[in-house]
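J.: In mature numbering (1 follows the signal peptide of the UniProt record, and there is no 0), the protein residues as written are -19 to -1, 1 to 101. Before I ask anything, here is the structure I am working with.
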């Protein structure tokens, strides 16, 4: 009886301590990119701006950009380009997103700046 108990304890010590179930489906992998500083943005010549997908903040009507955020971003673009030491012009790429996706899109590296048009 004692040898059976010792054998059982030895077998338990050789077994894995815990079993973990694997989730079905592909693993969710988040590729967090590093934030780009102004030098990196200037070298790429593009500042990616995440905007709220709303008529009030920014939009396009018959090829004409409209909205409060569009005008603010246009002024910011002019400011950045007028203060460029090396003469490299930066253009803004407007990326519309639903309001509740703006922060996660920024964290994923889809944009460099958020212009929500309202409080997040």
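Note that CB positions come from ideal geometry on N, CA and C, so glycine has one too. Note that the structure is a prediction, hence the values are computed from the model and not measured.
Expressed to the nearest angstrom, what Euclidean distance is found between the alpha-carbon atoms of residue 54 and residue 41?
T.: By 1-based counting over the chain shown, the position of residue 54 is 73. By 1-based counting over the chain shown, the position of residue 41 is 60. Approximately 14 Å between the Cα atoms of the pair.
J.: Suppose contacts are defined by Cβ-Cβ distances below 8 Å. Is residue 17 in contact with residue 67 by that definition?
T.: As a first step, residue 17 is located in the chain shown; it is residue number 36 there, counting from the start. As a first step, residue 67 is located in the chain shown; it is residue number 86 there, counting from the start. Not a contact, by the Cβ cut-off of 8 Å.
J.: Pick helix, strand or coil for residue 45, following the three-state DSSP scheme.
T.: Translated into the one-based positions of the chain shown, residue 45 becomes position 64. Reduced to three states, the DSSP call for residue 45 is strand.
J.: Got a sec, what are the start and stop residues for the beta strand (DSSP E) residue 89 sits in?
T.: Walking along the chain shown from the start, residue 89 turns up at place 108. Unbroken run through residue 89: none, as it is neither H nor E.
J.: With DSSP as the reference, label residue 80 as helix, strand or coil.
T.: To locate residue 80, count along the chain shown from 1; it is residue 99. Correct three-state label for residue 80: helix.
J.: If we call anything under 8 Å between Cβ atoms a contact, is residue 34 one with residue 71?
T.: As a working mapping, residue 34 is identified with position 53 in the chain shown. As a working mapping, residue 71 is identified with position 90 in the chain shown. No; because the gap between Cβ atoms is not below 8 Å, this pair is not in contact.
J.: Nearest CA to the CA of residue 27: which residue from 73, 97 and 96?
T.: Counting from one through the chain shown, the residue named residue 27 turns up at place 46. Checked all of 73, 97 and 96; the closest Cα to residue 27 is 73.
J.: Could one say the Cβ of residue 50 lies closer than 8 Å to chain C's Cβ atoms, at least one of them?
T.: Of the chains in the structure shown, none is chain C; there is only one protein chain.
J.: Measuring alpha carbon to alpha carbon, tell me which residue in 58, 64 and 69 is nearest residue 25.
T.: On the chain shown, residue 25 is found 44 positions in, with the first residue counted as 1. Selected option, being the one with the closest Cα: 69.
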